[in-house]
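As structure tokens, this is what we get:
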């Protein structure tokens with residue numbers, strides 16, 4: 011059998027899910043990877059991958075392939091009990107239809123140029139956190155999701171969790187200790203499920219607004235600590251002060267220097283997106299506030315503002331400015347913009363030398 015798959019984004023999640031089930035079920039498959047833009051119409055007329063090529067015919071859809079592996083190997087489907095199989099199917103469907111679309115929505119909101127789902131999904135992060143709380147209660151005191159054995163439901167949900175838990179900080183994961191422990195046990199069973207090393211700091215997708223406030227307070231505190239008072243000059247300290255009774259020295263004429271040729275000032279046009287946390291944020295007002303409050307020597311704001319869609323009801327504001335390269339860097343601008351409470355992130359769209 012041959013497993014055809016794409017190696018990018020959410021498609022890679024589906025491949026890892028299928029591959030993990032194949033390994034745990036003891037099914038041997040040959041892998042065939044395709045780039046995102048590869049033409050697969052001859053293989054899959056609907057363009058759906060992963061696709062399993064078998065002697066009897068082809069299967070597409072990760073869930074279908076996982077069930078096929080479980081049924082043909084008589085493993086990972088909780089035996090012959092119809093009730094338990096129904097529970098496995100329920101978790102599989104919930105993972106694909108509810109949990110994974112929320113994950114995709116959150117990721118697509120940061121990468122609007124990538125292909126995304128057509129389903130509207132507002133508040134993706136809130137949906138994920140809600141699901142995590144429910145799952146934490148369900149998995150408490152249990153080794154596996156359904157019955158006493160590992161099933162394709164465990165593998166499917168663990169692969170999805172492998173997209174979320176690495177984005178959280180250690181403090182955030184501590185809210186879901188049962189889920190985290192269960193996930194790590196799944197990763198130990200098969201490395202395709204997800205990473206076993208989980209970071210201490212949260213990814214920007216999961217950073218709270220309060221994190222920005224704390225970051226700003228730390229910067230301000232550091233500036234105060236490093237600021238040094240200049241020593242005051244006291245009277246009589248200068249041994250070389252001029253004698254007020256002495257006659258002034260005659261002025262010395264200096265040769266006039268040749269006028270130096272002025273070098274042209276290097277400038278650049280910077281275009282960037284500003285993304286926010288809340289759908290209700292007034293982006294026009296935010297752009298106006300940024301232009302009015304952020305003034306840097308060597309920077310001139312472009313007065314044009316564009317409100318552009320991101321995904322699932324969220325919008326972003328696109329702004330621009332002209333900067334003198336020696337005086338201003340994009341980091342100077344973005345650092346000040348990201349101090350605003352409503353701002354989630356800033357991303358360069360275009361950078362052109364004048």
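In this note's numbering, the protein residues as written are 11 to 364.
Cβ coordinates follow ideal geometry from the N, Cα and C atoms, glycine included.
Residues in the same chain with beta-carbon distance under 6 angstroms from residue i, minus the five sequence neighbours each way, listed in chain order, please.
i, result
"residue 3", "Absent from the structure is residue 3, since the part of the chain shown begins at 11 and ends at 364."
"residue 216", "177, 178"
"residue 354", "285, 286, 287"
"residue 180", "210"
"residue 17", "43"
"residue 65", "none"
"residue 319", "325"
For residue i, I'd like the list of residues in its chain whose CB is within less than 7 angstroms of its CB, leaving aside the five on either flank, ordered along the chain.
i, result
"residue 128", "A caution first: residue 128 carries a pLDDT of 38, below 50, which makes its placement in the model unreliable, though a value can still be read off. Same-chain partners within the cutoff: there are none."
"residue 275", "334"
"residue 361", "278, 280"
"residue 72", "24, 27, 28, 60"
"residue 308", "333, 334, 337, 338"
"residue 340", "280, 358"
Between residue i and residue j, is the Cβ-Cβ spacing less than 8 angstroms?
i, j, result
"residue 306", "residue 342", "yes"
"residue 357", "residue 292", "no"
"residue 347", "residue 300", "yes"
"residue 178", "residue 189", "no"
"residue 31", "residue 11", "no"
"residue 203", "residue 26", "yes"
"residue 15", "residue 43", "yes"
"residue 206", "residue 194", "yes"
"residue 174", "residue 117", "no"
"residue 182", "residue 163", "no"
"residue 75", "residue 62", "yes"
"residue 41", "residue 13", "yes"
"residue 161", "residue 98", "yes"
"residue 200", "residue 53", "no"
Cutting at 8 angstroms between CB atoms, please list the residues of its own chain near residue i, excluding the five before and the five after it.
i, result
"residue 36", "83, 85"
Return the bridge partner residues of residue i from the DSSP annotation.
i, result
"residue 362", "279"
"residue 356", "284"
"residue 149", "For residue 149, which the question treats as bridged, DSSP gives no partner whatsoever."
"residue 325", "319"
"residue 330", "281"
"residue 40", "12"
"residue 309", "333"
Using alpha carbons as the reference points, say which of the options lies closest to residue i.
i, options, result
"residue 151", "192, 76, 304", "192"
"residue 187", "157, 159, 208, 146", "146"
"residue 315", "155, 309, 295", "295"
"residue 330", "302, 359, 355", "359"
"residue 107", "66, 149, 166", "166"
"residue 109", "91, 336, 139", "139"
"residue 96", "135, 297, 310, 156", "156"
"residue 184", "143, 197, 214", "143"
"residue 298", "111, 100, 65, 350", "350"
"residue 148", "77, 101, 68", "101"
Legend entry - Start-end ranges of the alpha helix (DSSP H) lying completely within the region 157 to 229, minimum 4 residues: 162 to 174, 180 to 183, 187 to 199
Inset, instruction - Any chance you could list the beta strand (DSSP E) runs of at least 3 consecutive residues sitting entirely within the region 53 to 93, in chain order? - result: 61 to 63, 68 to 70
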